[in-house]
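J.: Residue numbers (our numbering): 1 to 403.
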Amino acid sequence: MRVDRLWYSKNPLSLLLWPLSQVFRVLAMLRRLAYALGILRTHKLRVPVVVVGNITVGGTGKTPLVIWLANYLKSMGYQPGIVSRGYGGKASQWPQQVRPDSDPKVVGDEAIIIARHTRCPMAAGPDRVAAAQALLTYAQCDIIISDDGLQHYALARDIEIAVIDGVRRFGNGFFLPAGPLREAPRRLKKVDFVVANGVKAGGEILMRMQVGKLRNINFPNEVRDLEQLRGRVVHAVAAIGNPERFYRMLAQAGVRGTKHEFADHYFFKPADITFNDNLPVIMTEKDAVKCQPAPGNNYWYLMVRAVLEERLGYALVDKLQKISGVRRQAVNQQTTMKRSGNGQETAGHSGVPNMQRPTGTEKRRSGTGMQGRPSGVSDTRRHPGHAGTGSALPGGGRGGVRS
1 MRVDRLWYSK
11 NPLSLLLWPL
21 SQVFRVLAML
31 RRLAYALGIL
41 RTHKLRVPVV
51 VVGNITVGGT
61 GKTPLVIWLA
71 NYLKSMGYQP
81 GIVSRGYGGK
91 ASQWPQQVRP
101 DSDPKVVGDE
111 AIIIARHTRC
121 PMAAGPDRVA
131 AAQALLTYAQ
141 CDIIISDDGL
151 QHYALARDIE
161 IAVIDGVRRF
171 GNGFFLPAGP
181 LREAPRRLKK
191 VDFVVANGVK
201 AGGEILMRMQ
211 VGKLRNINFP
221 NEVRDLEQLR
231 GRVVHAVAAI
241 GNPERFYRML
251 AQAGVRGTKH
261 EFADHYFFKP
271 ADITFNDNLP
281 VIMTEKDAVK
291 CQPAPGNNYW
301 YLMVRAVLEE
311 RLGYALVDKL
321 QKISGVRRQA
331 VNQQTTMKRS
341 GNGQETAGHS
351 GVPNMQRPTG
361 TEKRRSGTGM
371 QGRPSGVSDT
381 RRHPGHAGTG
391 SALPGGGRGG
401 VRS
């Protein structure tokens with residue numbers, strides 16, 4: 001059983017760990033107080049910062065919300081840049097540039113999903129301030145979105161959006177390691193917006209996941225309706241924070257999934273997802289980026305997107321306009337659909353900054369370590385056999401499934 005499953009009930013292990021959770025609670029409170037009193041330094045950027053995060057560990061839906069937020073802000077005339085922790089990435093130096101074709105072993109799986117679906121300039125690194133400053137220096141950004149940055153108080157923020165799991169809520173109510181809490185639920189009273197994934201309570205904004213088609217991992221131009229698998233048995237593979245949500249999506253479509261569950265951000269070995277039958281293998285897009293190429297041609301990922309109440313967009317832009325004192329007009333443009341390297345349809349974005357252009361299309365700037373990229377922001381694309389900083393990993397550049 002995954003340890004985090006124990007966080008959603010009061011059981012002997014969680015009760016045993018309760019004293020440690022009180023130590024964590026006090027340390028978290030003192031750390032936040034140190035930033036509030038100026039003992040620890042907070043860095044204010046020259047552009048507005050919107051932080052998306054949560055008060056519990058993993059699996060609430062931050063990634064799809066960040067994608068929705070970035071694309072919404074683009075439609076309103078903003079030029080967002082995105083910073084992320086790059087959780088699961090093993091880069092030798094940070095911050096790292098994130099592109100749709102980056103290596104998940106370097107920048108992590110979630111960052112690549114965000115880059116693919118937003119086409120915004122993006123940097124990953126444990127130090128969100130350094131990542132944001134790199135974007136402001138080398139890309140055209142007039143607003144920064146910080147993914148999973150609610151507790152990263154070193155980065156000053158103008159707007160805070162907290163995401164909660166509308167079903168699991170706050171689990172057993174204990175702090176780490178006895179429960180899922182990073183901060184107390186009363187912290188939500190201080191954020192600007194509380195978004196609930198799936199089911200909302202009073203004062204919260206509803207977010208739901210809209211299930212789309214299945215896309216073949218090895219042949220990304222090949223898609224099929226999930227409905228075609230109704231009544232059939234499949235292998236359901238999940239290495240995400242809340243796999244039960246994924247399993248429910250399949251079950252609601254009438255698909256019977258044999259569950260294969262792994263730790264969040266787990267990097268698969270071929271043997272993990274190779275089965276002695278011809279059944280389809282279905283996984284999330286987050287897992288699929290680590291399985292390219294897949295060990296067979298009957299491997300698919302389920303496409304989903306976040307759908308939010310309209311009032312979030314209106315209220316968000318209203319706050320931003322009050323911060324900047326400038327009113328924006330919505331971008332009245334025909335959205336074009338482009339294919340990324342993996343065949344995924346993504347919204348076209350004119351004027352993509354140099355950090356996001358394919359290699360060879362821009363001129364080298366003075367003071368950069370590679371074309372259009374600062375020396376401190378490494379290229380993370382998958383280059384077979386390339387030995388550049390941040391891209392050469394054991395097994396070659398394409399990796400994701402370890403042999």
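Note that beta-carbon positions come from the ideal geometry of N, C-alpha and C, so glycine has one too.
Here the structure is a predicted model, which is why all the values come from computation and not from measurement.
(1) Taking one C-beta from the stretch 223-243 and one from the stretch 177-190 each time, how about it: are there three or more such pairs within less than 8 angstroms?
(2) Curious, which full-length alpha helix (DSSP H) runs of at least 4 residues does the stretch 87-116 contain?
(3) Could you have a look at Gln-210 and say whether DSSP puts it in helix, strand or coil?
(4) What is the rounded straight-line gap between the Cα of Gln-96 and the Cα of Ala-123?
(5) Between the C-alpha atoms of Gln-151 and Asn-278, what's the straight-line distance to the nearest angstrom?
(6) Terminal residues of the continuous beta strand (DSSP E) containing Pro-80?
(7) To test your reading of the DSSP string, which unbroken alpha helix (DSSP H) runs of 4 or more residues are found completely within the stretch 257-325?
(8) Quick check on Phe-170: does DSSP put it in helix, strand or coil?
(9) For the stretch 93-113 against the stretch 163-176, are there 3 or more C-beta pairs whose distance is under 8 angstroms?
(10) Report the residue ranges of all beta strand (DSSP E) runs contained in full by the stretch 202-256; include only those spanning at least 3 residues, in chain order.
(11) Quick check: what's the CA-CA separation for Gly-125 versus Gly-231?
(12) On the DSSP letters alone, give me the boundaries of the beta strand (DSSP E) that Ala-36 sits inside.
(13) Under 8 angstroms, do Glu-160 and Lys-286 count as touching if we go by C-beta distance?
(14) How long is the line joining the alpha carbons of Lys-269 and Lys-319, rounded to whole angstroms?
(15) Who pairs with Leu-181 in a beta bridge, going by DSSP?
(16) Do the CB positions of Val-52 and Leu-73 come within less than 8 angstroms of each other?
(17) For Gly-88 and chain B, any beta-carbon pair shorter than 8 angstroms?
(18) Can you round the beta-carbon distance between Ile-55 and Leu-135 to whole angstroms, since I take them to be within the 8 angstroms contact cut?
(19) Let's see if you can read the secondary structure: which residues bound the beta strand (DSSP E) around Ser-146?
(20) Looking only at DSSP bridge pairs, what is Ile-51 linked to?
(21) Please identify the residue among Asp-158, Arg-311, Thr-42 whose C-alpha is closest to the C-alpha of Ser-324.
(22) Please go through the same chain and pick out, in chain order, the residues whose beta-carbon is closer than 7 angstroms to the beta-carbon of Leu-13, but skip the five residues on each side of it.
(23) Alpha helix (DSSP H) containing Val-404: first to last residue?
(24) To the nearest angstrom, report how far apart Lys-90 and Ala-263 are at their CA atoms.
(25) Would you identify the three-state DSSP class for Ala-330, choosing helix, strand or coil?
(26) Look at the alpha carbon of Arg-248 and the alpha carbon of Arg-169, and state the distance between them as a whole number of angstroms.
(27) Rounding to the nearest angstrom, what Cα-Cα distance links Val-199 and Ala-251 in this structure?
(28) In the DSSP assignment, find the unbroken alpha helix (DSSP H) run with Val-409 in it and report its ends.
(29) How many angstroms separate the CA atom of Asn-11 from the CA atom of Gln-79?
(30) Give the range of the beta strand (DSSP E) segment to which Ala-124 is assigned.
(31) Helix, strand or coil for Leu-6 per DSSP?
(32) Please classify Gly-212: is it buried, with 16 or more other beta-carbons within 10 angstroms of its beta-carbon, or exposed?
(33) Between the Cα of Tyr-301 and the Cα atoms of Arg-25, Ala-271, Leu-214, which residue gives the shortest distance?
(34) On the CB-based measure, 16 or more other CB atoms within 10 Å of its CB, does Met-29 come out buried or exposed?
T.: The relevant details are as follows:
(1) By the Cβ test, the stretch 223-243 is not in contact with the stretch 177-190, since fewer than three Cβ pairs between them sit closer than 8 angstroms.
(2) List check, alpha helix (DSSP H) in window: 104-107.
(3) Three-state DSSP puts Gln-210 in a strand.
(4) Between Gln-96 and Ala-123, the alpha-carbon positions lie close to 5 angstroms from each other.
(5) If I take the Cα positions, the gap works out to 45 angstroms.
(6) Per DSSP, Pro-80 belongs to the beta strand (DSSP E) from 80-84.
(7) Counting whole runs of 4 or more residues, the stretch 257-325 contains the alpha helix (DSSP H) stretches 285-288, 310-324.
(8) In this structure, Phe-170 counts as coil in the three-state DSSP scheme.
(9) Under the Cβ criterion (8 angstroms, minimum of three pairs), the stretch 93-113 does not count as touching the stretch 163-176.
(10) You should have 205-216, 233-238.
(11) Taking C-alpha positions only, Gly-125 is separated from Gly-231 by approximately 43 angstroms.
(12) Counting along the chain, Ala-36 sits inside no beta strand (DSSP E); it lies in the alpha helix (DSSP H) bounded by residues 12-36.
(13) Cβ atoms of Glu-160 and Lys-286: not closer than 8 angstroms.
(14) For Lys-269 and Lys-319, the distance between alpha carbons rounds to 46 angstroms.
(15) Paired residues: Thr-56, Phe-175.
(16) Judged by beta-carbon spacing, Leu-73 lies beyond the 8 angstroms limit of Val-52, meaning their Cβ atoms are not closer than that value.
(17) Absent from the structure is chain B; it holds one protein chain and no more.
(18) At roughly 26 angstroms, the Cβ-Cβ gap does not stay under 8 angstroms, so Ile-55 and Leu-135 are not in contact.
(19) Per DSSP, Ser-146 belongs to the beta strand (DSSP E) from 143-147.
(20) Residue identity differs from the one stated: residue 51 is Val in this sequence, not Ile. Paired residue(s): Ser-146, Glu-160.
(21) Here the closest residue by C-alpha is Asp-158.
(22) Excluding sequence positions up to five before and after Leu-13, its CB lies within less than 7 angstroms of the CB of Leu-6, all in the same chain and listed in chain order.
(23) What is shown of the chain runs 1 to 403, which leaves residue 404 out entirely.
(24) C-alpha separation (whole angstroms): 17 angstroms.
(25) In the structure shown, the three-state DSSP call for Ala-330 is coil.
(26) Taking the straight line joining both Cα atoms gives about 17 angstroms.
(27) Looking at the two C-alpha atoms, the distance is approximately 18 angstroms.
(28) Nothing can be reported for residue 409: it is not among the residues displayed for the chain, which extend from 1 to 403.
(29) One C-alpha to the other measures close to 47 angstroms.
(30) DSSP places Ala-124 in the uninterrupted beta strand (DSSP E) bounded by 122-124.
(31) Judged by DSSP in its simplified three-state form, Leu-6 adopts helix.
(32) A residue is called buried when at least 16 other Cβ atoms come within 10 angstroms of its Cβ; Gly-212 does not meet this threshold and is exposed.
(33) Ranking Arg-25, Ala-271, Leu-214 by Cα distance to Tyr-301 puts Leu-214 first.
(34) With fewer than 16 other Cβ atoms within 10 Å, it is exposed.
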